[in-house]
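Residues -23 to -1, 1 to 356 in mature numbering (1 follows the signal peptide of the UniProt record, and there is no 0) are what the sequence shown lists, from first letter to last.
Note that CB positions come from ideal geometry on N, CA and C, so glycine has one too.
Quantities reported herein were computed from a predicted structural model and do not represent experimental measurements.
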Amino acid sequence: MKKLSKLSMIVMTLFLLVGCGNLGESSLSSHSQNGKKVTTTQASKSGQYSTLLQNGHYKTSPISGVTGDSDSNNNHNLRSFEAGLISVSQKEFSPDKYFFQEGQMISTATAQKWLNRKSADNPLGLNPKDNGSKDPDKRNPIYLQQLLEQDFYTQNDKDYRLAGMTVGLSMNDIDYYTKERYGAVFETKISDSQRQAMGQEMANKIVQRLRKNNNLRNIPIVVGLYRQNVNDSLVGGTFFSYGVSHKNGESIKDWKPIKEQNQVLPVVNNETPINSNDADDFSNFKNHIESYFPNLSGVTAQVHYQDGSLNGMVITITTQFYGVAQIRSFTQFVQEAANRYLPQQPALEIKIQTVQDMQSLITKDYNSKQFTNHVLISY
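Right under this line is the structure:
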(Lines of atoms letter the chains of each structure in order from A and count residues from 1; the text may use other names and numbers.)
(Lines give C-alpha, C1' and ligand atoms only; values in the text may rest on other atoms or scores of the structure.)
Protein backbone atom coordinates (compact mmCIF):
# COMPACT_ATOMS: atom_id res chain seq x y z
CA MET A 1 0.00 0.00 0.00
CA LYS A 2 1.35 3.38 -1.02
CA LYS A 3 0.56 6.91 0.18
CA LEU A 4 1.31 9.97 -1.95
CA SER A 5 2.63 13.27 -0.65
CA LYS A 6 -0.10 14.94 1.42
CA LEU A 7 1.14 18.42 0.43
CA SER A 8 0.92 17.62 -3.27
CA MET A 9 -2.65 16.38 -2.86
CA ILE A 10 -3.67 19.53 -0.95
CA VAL A 11 -2.20 21.83 -3.60
CA MET A 12 -3.82 19.77 -6.36
CA THR A 13 -7.27 20.01 -4.77
CA LEU A 14 -7.05 23.74 -4.10
CA PHE A 15 -6.19 24.39 -7.75
CA LEU A 16 -9.10 22.21 -8.89
CA LEU A 17 -11.73 23.83 -6.69
CA VAL A 18 -12.13 27.52 -6.05
CA GLY A 19 -10.33 30.74 -5.35
CA CYS A 20 -11.06 32.16 -1.91
CA GLY A 21 -13.27 35.22 -1.96
CA ASN A 22 -15.29 36.71 0.87
CA LEU A 23 -15.67 34.39 3.84
CA GLY A 24 -18.98 34.03 5.62
CA GLU A 25 -18.81 32.52 9.13
CA SER A 26 -21.43 30.24 10.62
CA SER A 27 -21.76 27.29 12.99
CA LEU A 28 -21.96 23.67 11.94
CA SER A 29 -24.82 21.66 13.36
CA SER A 30 -24.02 19.11 16.04
CA HIS A 31 -25.59 16.51 13.78
CA SER A 32 -22.86 16.82 11.18
CA GLN A 33 -19.72 18.31 12.69
CA ASN A 34 -20.06 18.48 16.48
CA GLY A 35 -20.76 22.20 16.59
CA LYS A 36 -17.41 23.32 15.18
CA LYS A 37 -17.08 26.72 13.57
CA VAL A 38 -17.06 26.78 9.80
CA THR A 39 -16.20 29.38 7.19
CA THR A 40 -17.18 29.03 3.57
CA THR A 41 -15.16 30.22 0.61
CA GLN A 42 -16.94 32.20 -2.07
CA ALA A 43 -16.62 30.39 -5.41
CA SER A 44 -14.58 32.53 -7.80
CA LYS A 45 -16.55 31.40 -10.88
CA SER A 46 -20.04 30.12 -11.57
CA GLY A 47 -20.19 26.35 -11.73
CA GLN A 48 -17.59 25.92 -8.98
CA TYR A 49 -18.20 24.77 -5.43
CA SER A 50 -17.86 26.93 -2.36
CA THR A 51 -15.77 25.07 0.21
CA LEU A 52 -16.24 24.50 3.93
CA LEU A 53 -13.31 25.43 6.18
CA GLN A 54 -13.56 24.09 9.74
CA ASN A 55 -12.22 26.43 12.40
CA GLY A 56 -10.60 28.40 9.59
CA HIS A 57 -8.72 25.38 8.22
CA TYR A 58 -9.09 23.38 5.02
CA LYS A 59 -9.72 19.73 5.95
CA THR A 60 -7.94 17.20 3.79
CA SER A 61 -9.36 13.74 3.26
CA PRO A 62 -7.61 10.97 5.21
CA ILE A 63 -7.68 8.77 2.10
CA SER A 64 -6.14 11.26 -0.36
CA GLY A 65 -3.07 9.66 -1.88
CA VAL A 66 -3.74 6.14 -0.57
CA THR A 67 -3.24 3.74 -3.48
CA GLY A 68 -3.28 0.02 -4.20
CA ASP A 69 -0.38 -2.36 -4.66
CA SER A 70 -0.06 -2.17 -8.44
CA ASP A 71 3.13 -0.46 -9.66
CA SER A 72 1.11 2.24 -11.40
CA ASN A 73 3.04 5.52 -11.35
CA ASN A 74 1.48 7.96 -13.83
CA ASN A 75 0.98 11.23 -11.93
CA HIS A 76 -1.33 12.52 -14.67
CA ASN A 77 -3.87 9.93 -13.49
CA LEU A 78 -3.95 11.44 -10.00
CA ARG A 79 -4.86 14.91 -11.22
CA SER A 80 -7.39 13.89 -13.85
CA PHE A 81 -9.04 11.46 -11.40
CA GLU A 82 -9.72 14.21 -8.86
CA ALA A 83 -10.69 16.84 -11.43
CA GLY A 84 -12.97 14.39 -13.21
CA LEU A 85 -14.65 13.30 -9.99
CA ILE A 86 -15.66 16.89 -9.30
CA SER A 87 -17.36 16.93 -12.71
CA VAL A 88 -19.14 13.66 -11.86
CA SER A 89 -20.32 15.16 -8.56
CA GLN A 90 -21.80 18.15 -10.38
CA LYS A 91 -24.17 15.82 -12.24
CA GLU A 92 -25.99 15.16 -8.95
CA PHE A 93 -24.93 17.96 -6.57
CA SER A 94 -25.34 21.44 -8.04
CA PRO A 95 -22.69 23.99 -6.96
CA ASP A 96 -25.55 26.47 -6.56
CA LYS A 97 -26.99 24.39 -3.71
CA TYR A 98 -24.17 22.32 -2.19
CA PHE A 99 -20.94 23.14 -0.37
CA PHE A 100 -17.85 20.98 -0.89
CA GLN A 101 -15.58 19.31 1.63
CA GLU A 102 -12.95 16.65 1.02
CA GLY A 103 -14.25 13.27 2.14
CA GLN A 104 -14.13 12.62 5.89
CA MET A 105 -16.28 9.50 6.26
CA ILE A 106 -13.85 6.82 4.98
CA SER A 107 -10.77 6.45 7.18
CA THR A 108 -7.24 5.72 6.04
CA ALA A 109 -7.33 2.27 7.64
CA THR A 110 -10.63 1.43 5.93
CA ALA A 111 -9.38 2.58 2.52
CA GLN A 112 -6.24 0.49 2.92
CA LYS A 113 -8.28 -2.60 3.74
CA TRP A 114 -10.61 -2.06 0.78
CA LEU A 115 -7.74 -1.48 -1.66
CA ASN A 116 -5.81 -4.56 -0.58
CA ARG A 117 -6.55 -8.04 -1.82
CA LYS A 118 -9.21 -10.09 -0.11
CA SER A 119 -7.65 -12.70 2.17
CA ALA A 120 -8.19 -14.56 5.41
CA ASP A 121 -6.50 -11.67 7.21
CA ASN A 122 -8.36 -9.04 5.18
CA PRO A 123 -11.94 -10.15 4.46
CA LEU A 124 -12.87 -6.56 3.47
CA GLY A 125 -10.45 -6.47 0.53
CA LEU A 126 -12.15 -5.47 -2.72
CA ASN A 127 -9.37 -6.70 -4.98
CA PRO A 128 -9.54 -10.46 -5.62
CA LYS A 129 -7.55 -13.08 -3.74
CA ASP A 130 -4.05 -13.87 -4.92
CA ASN A 131 -4.39 -17.19 -6.75
CA GLY A 132 -0.64 -17.79 -6.59
CA SER A 133 -0.03 -17.50 -10.32
CA LYS A 134 2.62 -15.17 -11.75
CA ASP A 135 1.51 -15.71 -15.34
CA PRO A 136 0.13 -12.44 -16.82
CA ASP A 137 -2.89 -14.23 -18.29
CA LYS A 138 -3.68 -16.49 -15.32
CA ARG A 139 -3.10 -14.39 -12.20
CA ASN A 140 -5.81 -12.34 -10.51
CA PRO A 141 -4.90 -8.70 -11.22
CA ILE A 142 -5.27 -5.66 -8.99
CA TYR A 143 -8.36 -3.98 -10.45
CA LEU A 144 -8.89 -1.13 -7.97
CA GLN A 145 -5.95 1.27 -7.59
CA GLN A 146 -7.33 4.26 -5.68
CA LEU A 147 -10.40 5.56 -3.84
CA LEU A 148 -11.47 9.17 -3.51
CA GLU A 149 -14.35 10.61 -1.46
CA GLN A 150 -16.05 13.99 -1.77
CA ASP A 151 -18.69 15.22 0.70
CA PHE A 152 -21.44 17.75 0.00
CA TYR A 153 -23.32 19.88 2.51
CA THR A 154 -26.43 22.01 2.39
CA GLN A 155 -27.13 25.07 4.52
CA ASN A 156 -30.25 25.59 6.59
CA ASP A 157 -30.20 28.99 8.29
CA LYS A 158 -26.82 28.82 10.06
CA ASP A 159 -26.44 25.03 10.04
CA TYR A 160 -24.60 22.83 7.54
CA ARG A 161 -25.63 19.20 7.13
CA LEU A 162 -24.09 16.38 5.16
CA ALA A 163 -26.47 15.93 2.22
CA GLY A 164 -24.56 13.87 -0.32
CA MET A 165 -21.40 11.94 -1.07
CA THR A 166 -19.42 10.98 -4.15
CA VAL A 167 -16.94 8.10 -4.22
CA GLY A 168 -14.51 7.61 -7.10
CA LEU A 169 -13.05 4.22 -7.99
CA SER A 170 -9.84 4.44 -10.03
CA MET A 171 -9.57 1.17 -11.99
CA ASN A 172 -6.39 -0.12 -13.61
CA ASP A 173 -6.11 -0.48 -17.37
CA ILE A 174 -2.92 -2.49 -16.85
CA ASP A 175 -1.87 -4.08 -13.57
CA TYR A 176 1.90 -3.70 -13.24
CA TYR A 177 3.55 -6.28 -10.98
CA THR A 178 6.88 -7.93 -10.16
CA LYS A 179 7.53 -11.62 -9.64
CA GLU A 180 10.18 -10.88 -7.05
CA ARG A 181 11.16 -7.88 -4.96
CA TYR A 182 12.96 -5.26 -7.07
CA GLY A 183 12.56 -7.54 -10.08
CA ALA A 184 11.44 -6.83 -13.63
CA VAL A 185 7.97 -5.32 -14.09
CA PHE A 186 5.33 -7.43 -15.85
CA GLU A 187 1.86 -6.47 -17.09
CA THR A 188 -1.62 -7.93 -16.91
CA LYS A 189 -4.00 -6.23 -19.34
CA ILE A 190 -7.55 -5.69 -18.03
CA SER A 191 -10.36 -5.61 -20.59
CA ASP A 192 -13.08 -2.96 -20.67
CA SER A 193 -15.74 -5.55 -19.82
CA GLN A 194 -13.74 -6.86 -16.84
CA ARG A 195 -13.14 -3.34 -15.56
CA GLN A 196 -16.82 -2.40 -15.90
CA ALA A 197 -18.07 -5.56 -14.19
CA MET A 198 -15.56 -5.41 -11.32
CA GLY A 199 -16.10 -1.68 -10.85
CA GLN A 200 -19.86 -2.05 -10.53
CA GLU A 201 -19.50 -5.00 -8.17
CA MET A 202 -17.06 -3.10 -5.95
CA ALA A 203 -19.26 0.01 -6.03
CA ASN A 204 -22.25 -1.89 -4.68
CA LYS A 205 -20.17 -3.42 -1.89
CA ILE A 206 -18.91 0.04 -0.93
CA VAL A 207 -22.45 1.47 -0.89
CA GLN A 208 -23.64 -1.37 1.35
CA ARG A 209 -20.79 -0.75 3.77
CA LEU A 210 -21.30 3.01 3.84
CA ARG A 211 -25.01 2.63 4.59
CA LYS A 212 -24.12 1.01 7.92
CA ASN A 213 -23.08 4.48 9.08
CA ASN A 214 -26.24 6.20 10.36
CA ASN A 215 -25.05 9.56 8.99
CA LEU A 216 -25.01 8.07 5.48
CA ARG A 217 -28.30 6.20 5.40
CA ASN A 218 -30.51 8.99 4.09
CA ILE A 219 -28.29 10.74 1.57
CA PRO A 220 -27.64 10.04 -2.12
CA ILE A 221 -24.28 8.37 -2.81
CA VAL A 222 -22.76 8.82 -6.26
CA VAL A 223 -20.08 6.42 -7.49
CA GLY A 224 -17.88 7.23 -10.50
CA LEU A 225 -15.73 4.65 -12.30
CA TYR A 226 -12.42 5.87 -13.73
CA ARG A 227 -10.01 4.08 -16.10
CA GLN A 228 -6.37 4.83 -15.35
CA ASN A 229 -4.06 5.50 -18.27
CA VAL A 230 -0.88 3.48 -18.77
CA ASN A 231 2.36 4.43 -17.01
CA ASP A 232 4.13 5.88 -20.04
CA SER A 233 1.25 8.11 -21.13
CA LEU A 234 1.64 11.89 -20.99
CA VAL A 235 -2.05 12.33 -20.19
CA GLY A 236 -4.31 10.92 -17.49
CA GLY A 237 -7.25 8.54 -17.80
CA THR A 238 -10.98 9.21 -18.01
CA PHE A 239 -14.25 8.39 -16.27
CA PHE A 240 -16.36 5.87 -18.15
CA SER A 241 -19.45 5.33 -15.98
CA TYR A 242 -21.32 6.59 -12.91
CA GLY A 243 -24.41 5.71 -10.91
CA VAL A 244 -26.45 6.98 -7.97
CA SER A 245 -27.63 5.09 -4.91
CA HIS A 246 -30.59 7.15 -3.74
CA LYS A 247 -31.59 7.65 -0.11
CA ASN A 248 -31.65 4.34 1.81
CA GLY A 249 -30.61 2.44 -1.32
CA GLU A 250 -28.23 -0.50 -0.87
CA SER A 251 -27.01 -0.63 -4.46
CA ILE A 252 -26.80 1.19 -7.79
CA LYS A 253 -29.29 -0.14 -10.30
CA ASP A 254 -28.83 2.36 -13.14
CA TRP A 255 -25.35 3.02 -14.53
CA LYS A 256 -24.88 5.86 -17.00
CA PRO A 257 -21.99 5.97 -19.50
CA ILE A 258 -19.51 8.84 -19.54
CA LYS A 259 -17.94 9.48 -22.92
CA GLU A 260 -14.57 11.12 -22.40
CA GLN A 261 -11.27 10.96 -24.28
CA ASN A 262 -7.83 12.40 -23.58
CA GLN A 263 -4.90 12.72 -25.96
CA VAL A 264 -1.52 14.41 -26.31
CA LEU A 265 -0.71 16.60 -29.32
CA PRO A 266 1.23 16.34 -31.51
CA VAL A 267 0.43 12.64 -31.89
CA VAL A 268 3.34 10.20 -32.24
CA ASN A 269 3.92 6.59 -33.32
CA ASN A 270 1.32 6.79 -36.10
CA GLU A 271 -1.48 7.46 -33.59
CA THR A 272 -4.65 8.89 -35.13
CA PRO A 273 -5.85 12.24 -33.72
CA ILE A 274 -9.24 12.17 -32.02
CA ASN A 275 -10.18 15.16 -34.16
CA SER A 276 -7.99 16.02 -37.15
CA ASN A 277 -9.21 19.63 -37.32
CA ASP A 278 -8.21 20.28 -33.71
CA ALA A 279 -4.86 18.61 -34.32
CA ASP A 280 -4.29 20.81 -37.38
CA ASP A 281 -5.20 23.95 -35.42
CA PHE A 282 -2.68 23.07 -32.74
CA SER A 283 -0.04 22.26 -35.37
CA ASN A 284 -0.54 25.69 -36.97
CA PHE A 285 -0.28 27.36 -33.56
CA LYS A 286 2.89 25.41 -32.73
CA ASN A 287 4.52 26.13 -36.10
CA HIS A 288 3.71 29.84 -35.86
CA ILE A 289 5.34 30.16 -32.44
CA GLU A 290 8.39 28.10 -33.36
CA SER A 291 8.94 30.08 -36.57
CA TYR A 292 9.41 33.26 -34.54
CA PHE A 293 11.11 31.65 -31.53
CA PRO A 294 13.08 28.65 -32.88
CA ASN A 295 14.98 28.04 -29.63
CA LEU A 296 11.93 26.72 -27.75
CA SER A 297 12.50 23.37 -26.04
CA GLY A 298 9.02 22.01 -26.69
CA VAL A 299 5.34 22.76 -27.36
CA THR A 300 2.81 20.06 -26.43
CA ALA A 301 -0.89 19.93 -25.60
CA GLN A 302 -3.24 17.75 -23.61
CA VAL A 303 -6.74 17.72 -25.13
CA HIS A 304 -9.91 16.56 -23.36
CA TYR A 305 -13.10 15.57 -25.19
CA GLN A 306 -16.59 15.10 -23.75
CA ASP A 307 -19.23 13.44 -25.93
CA GLY A 308 -16.98 13.93 -28.94
CA SER A 309 -16.50 17.70 -28.50
CA LEU A 310 -13.29 19.40 -27.44
CA ASN A 311 -13.88 20.59 -23.88
CA GLY A 312 -10.44 21.62 -22.70
CA MET A 313 -6.86 22.08 -23.86
CA VAL A 314 -3.74 22.42 -21.69
CA ILE A 315 -0.64 23.56 -23.57
CA THR A 316 2.87 23.48 -22.14
CA ILE A 317 5.58 25.61 -23.76
CA THR A 318 9.11 25.04 -22.48
CA THR A 319 11.40 28.00 -23.14
CA GLN A 320 14.99 29.05 -22.66
CA PHE A 321 14.05 32.63 -21.70
CA TYR A 322 15.00 34.06 -18.34
CA GLY A 323 14.64 37.84 -18.70
CA VAL A 324 11.37 39.37 -17.50
CA ALA A 325 11.04 41.55 -20.62
CA GLN A 326 11.52 38.50 -22.84
CA ILE A 327 8.90 36.54 -20.95
CA ARG A 328 6.37 39.40 -21.06
CA SER A 329 6.86 39.85 -24.79
CA PHE A 330 6.66 36.13 -25.50
CA THR A 331 3.51 35.73 -23.36
CA GLN A 332 1.75 38.47 -25.31
CA PHE A 333 2.85 36.89 -28.59
CA VAL A 334 1.56 33.45 -27.53
CA GLN A 335 -1.80 34.88 -26.43
CA GLU A 336 -2.27 36.55 -29.82
CA ALA A 337 -1.34 33.29 -31.58
CA ALA A 338 -3.78 31.32 -29.42
CA ASN A 339 -6.60 33.71 -30.28
CA ARG A 340 -5.76 33.39 -33.97
CA TYR A 341 -5.09 29.67 -34.40
CA LEU A 342 -6.64 27.61 -31.60
CA PRO A 343 -10.29 26.43 -31.38
CA GLN A 344 -12.53 29.04 -29.75
CA GLN A 345 -14.88 26.84 -27.72
CA PRO A 346 -12.77 24.85 -25.22
CA ALA A 347 -11.35 26.04 -21.93
CA LEU A 348 -7.70 26.85 -22.48
CA GLU A 349 -4.64 26.91 -20.25
CA ILE A 350 -1.18 27.70 -21.61
CA LYS A 351 1.75 27.22 -19.25
CA ILE A 352 5.00 28.90 -20.25
CA GLN A 353 7.95 27.56 -18.30
CA THR A 354 11.60 26.57 -18.23
CA VAL A 355 12.62 23.08 -17.17
CA GLN A 356 12.82 24.45 -13.61
CA ASP A 357 10.23 27.20 -13.13
CA MET A 358 6.81 28.39 -14.26
CA GLN A 359 7.16 31.76 -16.01
CA SER A 360 3.67 32.80 -17.07
CA LEU A 361 0.14 31.51 -17.49
CA ILE A 362 -2.53 32.24 -20.12
CA THR A 363 -6.12 31.10 -19.55
CA LYS A 364 -9.52 31.24 -21.21
CA ASP A 365 -12.84 29.88 -19.94
CA TYR A 366 -15.03 27.48 -21.87
CA ASN A 367 -17.11 29.21 -24.59
CA SER A 368 -15.38 32.52 -23.90
CA LYS A 369 -13.24 34.69 -26.15
CA GLN A 370 -11.68 36.58 -23.25
CA PHE A 371 -8.05 35.65 -22.48
CA THR A 372 -6.18 36.54 -19.32
CA ASN A 373 -2.47 36.21 -18.64
CA HIS A 374 -0.14 36.55 -15.70
CA VAL A 375 3.66 36.76 -15.74
CA LEU A 376 5.32 35.45 -12.58
CA ILE A 377 8.02 37.69 -11.14
CA SER A 378 10.36 37.43 -8.18
CA TYR A 379 11.76 39.94 -5.68
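Locate the alpha helix (DSSP H) running through residue i, then write down its first and last residues.
i: A97; result: No alpha helix (DSSP H) holds A97; DSSP gives it neither H nor E.
i: A60; result: N52 to Q67
i: R317; result: V301 to Y318
i: T85; result: T85 to L92
i: residue 382; result: This structure cannot settle anything about residue 382, because the visible part of the chain is limited to -23 through 356.
i: M175; result: D169 to L187
Considering only the beta carbon of each residue, do residue i and residue j sit closer than 8 Å?
i: F76; j: T28; result: yes
i: G45; j: L92; result: yes
i: A314; j: F348; result: no
i: V352; j: T295; result: no
i: N350; j: Q312; result: yes
i: N104; j: R116; result: no
i: G145; j: G201; result: yes
i: Q78; j: K106; result: no
i: N208; j: S57; result: no
i: G214; j: N54; result: yes
i: S228; j: N190; result: no
i: T131; j: K74; result: yes
Check for me: the beta strand (DSSP E) holding residue i runs from which residue to which?
i: E164; result: V162 to K166
i: I266; result: Looking at the DSSP string, I266 is not in any beta strand (DSSP E); the run it does join, the alpha helix (DSSP H), is S253 to Y269.
i: H239; result: Per the sequence shown, residue 239 should be read as Asn rather than His. From DSSP, the beta strand (DSSP E) with N239 extends over E237 to L242.
i: E248; result: Looking at the DSSP string, E248 is not in any beta strand (DSSP E), and its letter there is neither H nor E.
i: Q122; result: L121 to N133
i: N350; result: F348 to V352
i: M335; result: M335 to K341
i: Y219; result: T215 to S222
i: D136; result: D136 to M148
i: R204; result: I198 to R204
With a threshold of 7 Å on Cβ separation, who are the neighbours of residue i within its own chain once the five nearest residues in sequence on each side are excluded?
i: N344; result: Q322
i: T85; result: P39, I40 and V43
i: S337; result: I304, T308, I329, N350, H351, V352 and L353
i: G33; result: T16
Using a Cβ-Cβ cut-off of 6 Å (strictly less than) and excluding sequence neighbours within five positions of residue i, which residues of its own chain qualify?
i: Q123; result: T44 and S147
i: S47; result: I119, Q122, N149, D152 and Y153
i: G176; result: L146, M148 and L202
Please return the same chain residues whose Cβ sits closer than 8 Å to the Cβ of residue i, not counting the five positions on each side in sequence.
i: L287; result: N252, D255, V280, H281, P320, Q322 and P323
i: V301; result: V352 and I354
i: M142; result: G80, M82, E126, Q127, D128, F129, L187, L193, I196, P197, I198 and V199
i: T277; result: L211, V241, L242, P243, I292 and T293
i: K230; result: G220
i: N316; result: K346 and F348
- Within the chosen definition, does the stretch 308 to 324 reach the stretch 281 to 292 through at least 3 CB pairs nearer than 8 Å? yes
- Message: Taking contact to mean 3 or more Cβ pairs, one atom from each stretch, closer than 8 Å, check whether the stretch 264 to 273 and the stretch 232 to 245 are in contact.
- Response: no
- Query: Within the chosen definition, does the stretch 185 to 198 reach the stretch 161 to 168 through at least 3 CB pairs nearer than 8 Å?
  - Reply: no
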